[in-house]
Amino acid sequence: MSVIVDFSIFPMDKGTQSLSPYVARAVKIVRDSGLPYQLGPMGTAVEGEWDEVMQVIDKCYKELEPDSERIYMNIKVDSRRDRTDGLKSKTTSVTDKLTAS
1 MSVIVDFSIF PMDKGTQSLS PYVARAVKIV RDSGLPYQLG PMGTAVEGEW DEVMQVIDKC
61 YKELEPDSER IYMNIKVDSR RDRTDGLKSK TTSVTDKLTA S
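For the sequence shown, UniProt numbering begins at 1 and goes up steadily by one.
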């Protein structure tokens with residue numbers, strides 16, 4: 001079963017400074033996992049089997065936890081048994097329809 005998980009994670013206790021260094025630490029874990037992913041402006045989508053995707057998200061949390069008093073995380077999941085390569089096919093389907101209009 002393939003899942004696509006769109007998630008965001010960042011510390012909430014860093015004042016007005018940019019959070020991109022913390023986000024980059026999490027995205028590096030996603031990148032290094034070898035799972036397909038897409039970085040977006042408000043989150044990162046990762047595709048794979050449930051256990052492997054959740055393991056990556058857990059690693060992201062554990063990366064930020066030691067130096068954060070408060071962490072915000074938002075997770076959305078799309079689970080589908082008959083799908084592979086969903087990150088690409090979902091966006092391609094919409095793009096094709098836009099092109100046809």
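Even for Gly, the Cβ is constructed at its ideal location relative to N, Cα and C. No experiment lies behind these values; they were computed from the predicted model shown.
Pick from the options: whose alpha carbon is nearest that of residue i?
i, options, result
"S33", "L19, G43, G15 and Q55", "Q55"
"I75", "T84, K28 and M42", "M42"
"G15", "S68, I29, R31 and G48", "S68"
"R81", "G48, Q17 and P11", "G48"
"K59", "K28, Q17 and G40", "K28"
"F7", "T84, A100, V77 and T99", "V77"
"T84", "V46, G40 and L39", "V46"
So, does the CB of residue i fall closer than 8 Å to a CB anywhere in chain C?
i, result
"R25", "Any reference to chain C falls outside this structure, which holds one protein chain only."
Give every residue of the same chain whose Cβ lies closer than 8 Å to the Cβ of residue i, excluding the five residues on either side of it in the sequence, and list them in chain order.
i, result
"R70", "P11, M12 and D13"
What number of angstroms, rounded off, separates the C-alpha of residue i from the C-alpha of residue j?
i, j, result
"G86", "I9", "22 Å"
"V3", "L35", "11 Å"
"K62", "K88", "29 Å"
"W50", "I57", "11 Å"
"V30", "V94", "25 Å"
"S20", "K97", "34 Å"
"T44", "Y37", "7 Å"
"A100", "T91", "14 Å"
"Q17", "R25", "16 Å"
"M73", "E52", "18 Å"
"V5", "G40", "13 Å"
Residues in its own chain within less than 7 Å of residue i by CB, not counting five upstream and five downstream?
i, result
"V23", "F10"
**Study point:** Segments assigned alpha helix (DSSP H), at least 4 residues, entirely inside the segment 49-101
**Key:** If we require 4 residues or more, the alpha helix (DSSP H) runs fully inside the segment 49-101 come out as 50-64 and 86-100.
Review point. At what residue ranges does the segment 17-41 contain a whole run of the beta strand (DSSP E), taking only runs of 3 or more?
Key: Those beta strand (DSSP E) runs which fall completely within the segment 17-41 and span 3+ residues are 37-39.
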